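K.L.:
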Amino acid sequence: MTQRIRKAKISDAKEIYSLINSWSKEGKVLERSLNYIYENIRDFWVYEARNEIIGSCALHVVGWQDLGEIKSLVILKKFQDKGIGTKLVTRCATEAKSIGIKNVFALTFVPQFFKKLGFREIDRKNLPHKIWSDCVNCIYFPDCQEKAVILHLKSLHR
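Heads up: the sequence shown runs through residues 3 to 160, numbered per the numbering used here.
1) Spatial neighbours of ILE103 within its chain, please: C-beta separation below 6 Å, excluding the five flanking residues on both sides.
2) Measuring only the C-alpha atoms, how far is ILE43 from LEU78?
3) Kindly give me the distance between the Cβ atoms of LYS117 and VAL151, rounded to whole angstroms, as I take these residues to be in contact under 8 Å.
4) Would you decide whether HIS62 is buried or exposed? Buried here means 16 or more other CB atoms lie within 10 Å of its CB.
5) From GLU123 to ILE72, what distance separates their C-alpha atoms?
6) Can you check DSSP and say which residues form a bridge with ASN105?
7) Is GLY85 near LEU75, with beta carbons less than 8 Å apart?
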């Protein structure tokens, strides 16, 4: 099976939208509008197999403080537990380091996944308030159920 990770293209937006929102209906990730995906397509990486997008993840630069956010990590259910999420997060972290970002964080319902990749759990209050702009769109707002995790990229050897 031909598999690869690549930067997303405009033509991928509808597939990314469908994938993300299939998980958002279950309350596992934040819903994203198709417009949001088009506007932020340069943040996204996709995992493609046989010309089908089976996973996606985004790296969003958080304006200041040399900080990036790993967002919208989703994998088709039938392809989970095959290392695809790890590959996507690693690719985003590698890109972050290459552009001078020193730390990446994620807000997640599955902190143990990120901890296996070297992230550590932190108090959400330690993150800049700017990151909470997405939170008003979350079904759990204002009672956030997600955990904040962070990775210091100086330890990334990739």
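Glycine included, C-beta positions come from ideal geometry on N, C-alpha and C.
In this text, all values refer to a predicted model and were calculated from it rather than measured experimentally.
P.N.:
Let me lay it out:
1) Excluding positions up to five away in sequence, the list reads ASP68, GLY70.
2) Roughly 19 Å between the two C-alpha positions.
3) The beta-carbon distance between LYS117 and VAL151, rounded to whole angstroms, is 7 Å. This is short enough to meet the 8 Å contact definition.
4) It is buried - the Cβ of HIS62 has at least 16 other Cβ atoms within 10 Å.
5) When the Cα atoms are used, GLU123 and ILE72 turn out to be separated by approximately 14 Å.
6) In DSSP, ASN105 forms a bridge with LEU69, HIS154.
7) Note that the C-beta distance between GLY85 and LEU75 is not below 8 Å.
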